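As structure tokens, the structure follows; a few thoughts come after it.
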Amino acid sequence: MIYGCRDLSVKLHGAPTLALTEVSVQVPPGAVTAVVGGDGAGKSTLLRCLVGEIVPTDGVVQRPSKAEVGYMSSSSGTWSELTVNENIDFVAGAYGVRGQALSMRRRQLLRGTGLDHAGSRLAGQLSGGMRRKLGFVLASLHRPRLLVLDEPSTGVDPVSRVELWRLIAEAAADGAAVVMSTTYLDEAERASSILVLDRGRAVLQGATDEVMASVPGRIVEVEIPSDRSRAWRRGRIFHQWLPAGATESGRGVRVTPDLEDAIIVEMLGAGR
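For the record, in the sequence shown the residue sitting at position 196 is 196 according to the numbering used here, with numbers rising by one throughout.
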């Protein structure tokens, strides 16, 4: 079963415009799908529709039963008045995870997120990054078929972010259909497929490798761009997009586009 949505449109109460306009995405089992976009792009709205928190204005959502969905919201989805272990016990009880299965799962997830020594600490006393990791533990505790993560690694330190990504990849390897929003493009590059949203519309999507390989024209690395309207800074240098047929073939060193390049070129209008 492939989960996701088709032609999804959402108008939030009191909003003058649609939060999502005819967005479609597929979330297959055994893979990670990344949703990328700036603030207000519609990422959280899309994920909340996928888990049933928002009823779409139009379109179709395909998901498993509520008991087979795991959801980590942008606010981490933890209870500050409970300890780490109490948070786990509460969620485990709701999903019927008990006994030896709970003990093994608790040990595996706490060790994997580096929270194995924080079981007795109140969630409200954890750092922001640790609380995000606890949110992932709770969302994935019952081995859901559909795992929905809203910016799971935001505020997490770089080392822990790598560890968290390993757990996300393991969830997919175990057969879960994983969809996550992220502000980190290096994370999105690791996903099997991506969806880029801008003001509630899908502007770029597909298999991640294919998206990066299909950038039209050429990307060159230059110190001083000849056309700043088609250039963007990358550290101390610039990347510049040269459309197909451009005559500036001698300028700059050609580079292989990464996801940031592909998104910027698309936003510049290359795909339209």
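Note that beta-carbon positions come from the ideal geometry of N, C-alpha and C, so glycine has one too. Bear in mind that the values here come from a model prediction, so they are computed numbers and not experimental data.
- Annotated as proximal: P216 and V265, with beta-carbon spacing under 9 Å.
- The beta carbon of G252 sits closer than 6 Å to the beta carbons of V220, E221 and V222 from its chain, once the five residues preceding and following it are set aside; these are given in chain order.
- A contact is defined here as three or more CB-CB pairs under 8 Å, and the stretch 45 to 52 meets this definition with respect to the stretch 62 to 77.
- Taking C-beta atoms as the reference points, P158 and G135 fail to come closer than 9 Å.
- For V211, the uninterrupted alpha helix (DSSP H) segment begins and ends at T208 to A213.
- Taking a C-beta distance under 9 Å as the contact criterion, G206 and V23 do not qualify as a contact pair.
- A direct Cα-to-Cα measurement between T21 and S9 gives close to 4 Å.
- Rounded to the nearest angstrom, the Cβ distance from V32 to A191 is 4 Å, consistent with a contact under 8 Å.
- In this structure, V36 sits near L197, with a CB-CB distance shorter than 9 Å.
- In the DSSP assignment, the residues bridged to I194 are A34 and G206.
- Note on geometry: alpha-carbon atoms of H142 and V255 lie some 44 Å from one another.
- Residue A34 holds the alpha-carbon nearest to the alpha-carbon of S193 among L149, G30, A34 and R233.
- With respect to E81, G124 sits close: the two C-beta atoms are nearer than 9 Å.
- Cα atoms of F238 and W232: separation of roughly 5 Å, rounded to the nearest angstrom.
- When the alpha-carbon of G235 is set against those of E260, Q108 and Q26, the nearest one is in E260.
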